[in-house]
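*Asks:*
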Amino acid sequence: MKSNQTHLRILLGVFLLAIVAAAATCTRVKTRPVEKQVVVLGFDGADPDLLAKWMKEGKLPNLQRLAETGAFRPLGTTNPPESPVAWATFATGLNPGGTGIFDFLKRDPKTYLPELSLVSREKPEFLFDLIPIKPPKVTNLRGGTPFYRAAADAGYKTTVIRMPLEFPPSTLPGGKLWSGLGVPDLRGTWGTFFYFGTDLTQWDVGDTEFGGKLVRLEAHDNLAKAEIEGPVDPTADQFRRISVPVAFRLTPAEDAVAIELSGRTETVAERKWSDWYHVKFRVTPFLSVSGTCRFFVLQTAPDLRIYMSAINIDPESPLIPVTSPESFAEDLVRQHGLMKTLGWWHDTWALNEEKIDEDVFLEDTFRTMDQQARITVEELKNDPPSLLVSVFTATDSVSHMFYRLLDPEHPRYDPELAARHGDAIQQSYMRMDRIVGEVLAAMRPGGTLLIVSDHGFHSWRKGFNTNTWLVENG
Numbered sequence: 001m002k003s004n005q006t007h008l009r010i011l012l013g014v015f016l017l018a019i020v021a022a023a024a025t026c027t028r029v030k031t032r033p034v035e036k037q038v039v040v041l042g043f044d045g046a047d048p049d050l051l052a053k054w055m056k057e058g059k060l061p062n063l064q065r066l067a068e069t070g071a072f073r074p075l076g077t078t079n080p081p082e083s084p085v086a087w088a089t090f091a092t093g094l095n096p097g098g099t100g101i102f103d104f105l106k107r108d109p110k111t112y113l114p115e116l117s118l119v120s121r122e123k124p125e126f127l128f129d130l131i132p133i134k135p136p137k138v139t140n141l142r143g144g145t146p147f148y149r150a151a152a153d154a155g156y157k158t159t160v161i162r163m164p165l166e167f168p169p170s171t172l173p174g175g176k177l178w179s180g181l182g183v184p185d186l187r188g189t190w191g192t193f194f195y196f197g198t199d200l201t202q203w204d205v206g207d208t209e210f211g212g213k214l215v216r217l218e219a220h221d222n223l224a225k226a227e228i229e230g231p232v233d234p235t236a237d238q239f240r241r242i243s244v245p246v247a248f249r250l251t252p253a254e255d256a257v258a259i260e261l262s263g264r265t266e267t268v269a270e271r272k273w274s275d276w277y278h279v280k281f282r283v284t285p286f287l288s289v290s291g292t293c294r295f296f297v298l299q300t301a302p303d304l305r306i307y308m309s310a311i312n313i314d315p316e317s318p319l320i321p322v323t324s325p326e327s328f329a330e331d332l333v334r335q336h337g338l339m340k341t342l343g344w345w346h347d348t349w350a351l352n353e354e355k356i357d358e359d360v361f362l363e364d365t366f367r368t369m370d371q372q373a374r375i376t377v378e379e380l381k382n383d384p385p386s387l388l389v390s391v392f393t394a395t396d397s398v399s400h401m402f403y404r405l406l407d408p409e410h411p412r413y414d415p416e417l418a419a420r421h422g423d424a425i426q427q428s429y430m431r432m433d434r435i436v437g438e439v440l441a442a443m444r445p446g447g448t449l450l451i452v453s454d455h456g457f458h459s460w461r462k463g464f465n466t467n468t469w470l471v472e473n474g
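239 is the number that the working numbering gives to position 239 of the sequence shown; each next residue is one higher, with no gaps.
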């Protein structure tokens, strides 16, 4: 009887595999040979006036050559001219009424509190708060069919890198996609940074206005311990976050800190970055979720001050896939090392809160930009597609943080800082130009290169918060 049951299980397994294989065969799209290439490079926030100015000055030779041999035209953008709104229209050809994307945020009509407008989320379910019986579900709220999906459906081999509003990632038949803007951190936010410091008082700790977590350190015998608050516990009746311990062990003679987290210790010198840490948060005895983060030692004395990046979804063990197919992320890590998966790639929040300085921000931003450039070029060289789309966001983030240094009338203009970093935006554009040159060299002869932006940029000197005014004066 046992033998018969075994044979029955094998036959059922073969039968199910045959059904799956048949279904896959029916839906598989035959990929056409790669003959001519179309490459679309997106640079968020790239402004046509600044481009024209720096091309004229000879700072952007590759873009200048393209403008002379092709076309360079300012185009209109969406209303409102915000990144998610414009990139949704770029992808689908629909206006915001068709995409359903009108802003970064929307309000909950029940509570009037803001929430992310790009995706909807459903919590996982557990049996006896122990055994997962339903995984978390995330739904992309962008309407319409993106052009790269249409190309893939038509059999053109397609690769899409860091595409905004592509989370969860769409399945491209025969293609690859890496999600960009819209991917949260493991805490479910746009990217919560952590700042650990002995300089903080008990009144300083907690959440910052711009998306950070301040944690007070007390050092005893050169050792300081703290907790890292990670994802929300989906099994708890009341809101609480799952935490893991972290320890910072000072070595004053070397101006360095040994950082102990999740079974790994690395000694990091002052003003240096750590490598990536894998961090596991235990949800139940049977389930853990994995994230990645890294540290920057801002100062070892007289105060110990340490910045920690947002906890990224682990590309090698994602709670929810950030690439399609999921193996694409593993391939990227194997070829290029660990990378950020967070949609809001550059930590403007920490610089806004003045918990990191401009040097740290630019080092991290340009390193991240360079990594994406390498990935883009290597995809063109080693696995050339018919259509490649790669969207860079450093030009936007640097403009947000440094345009004030181009405007002497700005209330936050600082002449000393302008002398040091007044060329930061220009540096991001020069990197853009270098990337364009590298992509041109990697493309097949006779291909088409399109370079687009979602909106331009200008100085922003003042803001008025209507809701705050109504609360204070209504």
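Note that CB positions come from ideal geometry on N, CA and C, so glycine has one too.
Predicted model only: the values in this text are computed from it and were never measured.
(1) Would you say Thr368 and Trp345 are within 7 Å of each other, going by their C-beta atoms?
(2) What are the boundary residues of the beta strand (DSSP E) that Asn79 is part of?
(3) From Val268, Thr341, Asn222, Leu450, pick the residue whose C-alpha is nearest to that of Phe43; which is it?
(4) Take Asn264 as the anchor and find which of Arg431, Ala151, Asp255, Thr292 has the nearest alpha-carbon.
(5) For the beta strand (DSSP E) holding Pro61, just list the boundary residues, first then last.
(6) Assign Asn498 to one of two classes, buried (16 or more other C-beta atoms within 10 Å of its C-beta) or exposed (fewer than that).
(7) So, helix, strand or coil for Phe296, using DSSP?
(8) For Ala418, collect the residues of the same chain with a Cβ closer than 6 Å to its Cβ; drop the 5 residues on either side in sequence, then sort them by chain order.
(9) Answer yes if the segment 249-264 comes into contact with the segment 295-315, meaning at least three C-beta pairs across the two stretches below 8 Å, and no otherwise.
(10) Classify Lys157: buried if its beta carbon has 16 or more other beta carbons within 10 angstroms, exposed otherwise.
(11) Enumerate in chain order the residues of its own chain whose CB-to-CB distance from Ala88 is below 6 Å, with the five nearest sequence positions on each side excluded.
(12) Out of curiosity, what's the CA-to-CA distance linking Phe296 and Val244?
(13) Which value, in whole angstroms, describes the spacing of the CA atoms of Asp275 and Leu338?
(14) In terms of DSSP beta bridges, what is Ala43 paired with?
(15) If you compare alpha carbons, which of Glu330, Gly211, Leu118 is closest to Glu486?
(16) Using DSSP with H/G/I as helix, E/B as strand and the rest coil, what is His278?
(17) Verify whether the separation of the beta carbon atoms of Thr198 and Leu217 is less than 7 Å.
(18) Name the residue from Leu261, Gln299, Ile242 whose alpha carbon lies nearest to the alpha carbon of Trp270.
(19) With Trp349 as the anchor, note down where its alpha helix (DSSP H) starts and where it stops.
(20) Mind checking which residues open and close the beta strand (DSSP E) that includes Glu122?
(21) Would you tell me roughly how many angstroms separate the C-alpha atoms of Pro74 and Ser453, rounded to the nearest one?
(22) Give every residue of the same chain whose Cβ lies closer than 8 Å to the Cβ of Ile333, excluding the five residues on either side of it in the sequence, and list them in chain order.
*Replies:* Reading it off the structure:
(1) Your numbering for residue 368 matches position 368 in the sequence shown. Your numbering for residue 345 matches position 345 in the sequence shown. In this structure, Trp345 lies closer than 7 Å to Thr368 by Cβ.
(2) Indexing the sequence shown from 1 puts residue 79 at position 79. Taken as a continuous stretch (DSSP letters only), Asn79 belongs to no beta strand (DSSP E), as it is neither H nor E.
(3) By one-based count along the sequence shown, residue 43 stands at place 43. Closest option to Phe43, Cα to Cα, is Leu450.
(4) As a first step, residue 264 is located in the sequence shown; it is residue number 264 there, counting from the start. It is worth fixing the name first, because residue 264 is Arg in this sequence and not Asn. Nearest to Arg264 by C-alpha distance, out of Arg431, Ala151, Asp255, Thr292, is Thr292.
(5) Residue 61 sits at position 61 when you count from the first residue of the sequence shown. In this chain, Pro61 is not harboured by any beta strand (DSSP E); it is covered by the alpha helix (DSSP H) spanning 61-69.
(6) Residue 498 falls outside the range modelled here, since the chain spans only 1 to 474, and no answer is possible.
(7) Taking the first residue of the sequence shown as position 1, residue 296 is located at position 296. In the structure shown, Phe296 sits in a strand (DSSP, three-state: E or B).
(8) In the sequence shown, residue 418 corresponds to position 418, counting from 1. Here the set comprises Leu405.
(9) Below 8 Å, enough C-beta pairs join the segment 295-315 and the segment 249-264 to call them touching: three or more.
(10) Counted from its first residue, the sequence shown places residue 157 at position 157. Per the 10 Å Cβ criterion, buried.
(11) Locating residue 88 in the sequence shown gives position 88, counting from the first residue. Apart from the 5 residues on each side of it in sequence, Ala88 sits with its Cβ closer than 6 Å to the Cβ of Thr99, Ile101, Arg142, Leu165 in its chain, given in chain order.
(12) The count along the sequence shown starts at 1 and reaches residue 296 at position 296. The count along the sequence shown starts at 1 and reaches residue 244 at position 244. Across the structure, Phe296 and Val244 are spaced so that their CA atoms are roughly 19 Å apart.
(13) Residue 275 sits at position 275 when you count from the first residue of the sequence shown. Residue 338 sits at position 338 when you count from the first residue of the sequence shown. CA-CA distance, Asp275 to Leu338, rounds to 9 Å.
(14) The residue you call residue 43 lines up with position 43 of the sequence shown. In the sequence under discussion, the amino acid at residue 43 is Phe, which differs from the Ala named in the question. Beta-bridge pairing by DSSP links Phe43 to Phe392.
(15) Residue 486 lies beyond the stretch modelled for the chain, which goes from 1 to 474, so this question has no answer here.
(16) As a working mapping, residue 278 is identified with position 278 in the sequence shown. Here DSSP, grouped into helix, strand and coil, assigns His278 to strand.
(17) Within the sequence shown, numbered from 1, the residue matching residue 198 stands at position 198. Within the sequence shown, numbered from 1, the residue matching residue 217 stands at position 217. Yes; because the gap between Cβ atoms is below 7 Å, this pair is in contact.
(18) Numbered from 1 along the sequence shown, position 270 holds the residue referred to as residue 270. According to the sequence provided, residue 270 is Glu. The question's Trp does not apply to it. Checked all of Leu261, Gln299, Ile242; the closest Cα to Glu270 is Gln299.
(19) In the sequence shown, counting from the first residue as 1, residue 349 sits at position 349. Segment 348-352, the alpha helix (DSSP H) holding Trp349.
(20) Within the sequence shown, numbered from 1, the residue matching residue 122 stands at position 122. It spans 119-122 - the beta strand (DSSP E) in which Glu122 sits, taken as one unbroken run.
(21) Start at 1 with the first residue of the sequence shown, and residue 74 comes out as number 74. Start at 1 with the first residue of the sequence shown, and residue 453 comes out as number 453. Cα-Cα distance, rounded: 10 Å.
(22) Residue mapping note: residue 333 aligns to position 333 of the sequence shown, counting from 1. Just to set this straight, residue 333 is Val in the shown sequence, not Ile. Non-local beta-carbon contacts of Val333 in its own chain, meaning distances under 8 Å to residues more than five positions away in sequence, involve Pro315, Glu316, Met339 in chain order.
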